[in-house]
Structures are given as C-alpha cells and as structure tokens.
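Worksheet: one structure, shown below.
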Amino acid sequence: MTGRLRTRLARVRASVGITQLALQQIEDELTGEIGARELAQILRELHHEDHRQDGVFGSLAQLLTVAAQAAGRIEPDCDGDMSGPLHEAAALITENAGLQTHYATRALDPQGEFA
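So the sequence shown is numbered by this note's numbering: it starts at 101 and just counts up by one.
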C-alpha cells in the first residue's frame, strides 16, 4: 500500500468517524421525551423530498454515484460492471430509504409536510 493510499484511507476513516459521532448525537437527541411532530421534523432532516441532495440520504447517494464514476474510470473496458451496482445502491438509497422515511414522517405528522 502506497503512502498516498494510506493517507486517503486515513482521511476517509476520520470522516466516517466524524459522521458516526454526528449520527450518535442525533440518536442521543431521540432518547429523551419527544413527540410525534418533533420526531417527524427530525426525520425530515434525513430526507428532503423537494431537494433530495440536501438530506443525509441524498449525500450518501451522491457519494456512491461518485464512487461509481471512479469505478468506471478504473475499469473502462468492463462496460460498467463495477459501477453498475454502485449506481443501483445510490438509487435504492434515495428511492427506498428516502421514500420509507418520508412515509414514516407522514404517519407521525401528516400535516407537518404542508406546514
């Protein structure tokens, strides 16, 4: 493993660690007393229906899309064999996880999405 690769992996690991801490902080916010409307508002921050790229799921999907583009540059002769599953994973995050979270927030606070 080259020094450059080690440095890149170290930066990625640090960023993942920061992300995990941020998610833990959100989880800690959910352990206290919380109402359905407030929980729905917190969950809406994970997925923005109008601006999907602004939410956590949109950011994760974008990361996978960039990884798919990188995979396409690495193996251009494979006709997207490496990038296809990454593109599919990105789509599933926004379409499945995002949509299910949207349904959950509507069930918790049906009027909140119009407020």
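Note that beta-carbon positions come from the ideal geometry of N, C-alpha and C, so glycine has one too.
A distance below 6 Å between beta-carbons, with the five flanking residues on each side excluded, links A140 to the following residues of its chain, in chain order: T205, L208, D209 and G212. Three or more beta-carbon pairs separated by less than 8 Å link the segment 186-205 to the segment 150-169, which places the two stretches in contact. Within the model, the alpha-carbon separation for R104 versus L186 is close to 24 Å. In the three-state scheme derived from DSSP, where H, G and I count as helix and E and B as strand, T102 is classed as coil. Remark: C-beta atoms of G198 and G158 approach each other more closely than 9 Å. Inter-residue distance for E138 and L109 is about 37 Å (C-alpha atoms, whole angstroms). Around the beta carbon of G132, a 10 Å sphere encloses fewer than 16 other beta carbons of the protein chains shown; the residue is thus reported as exposed. DSSP, reduced to helix, strand and coil, places P210 outside both helices and strands of the structure shown, so it counts as coil.
If you look at G184, you'll find it in the alpha helix (DSSP H) that goes S183 to L192. A direct Cα-Cα distance of roughly 25 Å separates Q120 from Q169. Less than 9 Å separates the beta-carbon of I142 from that of I134.
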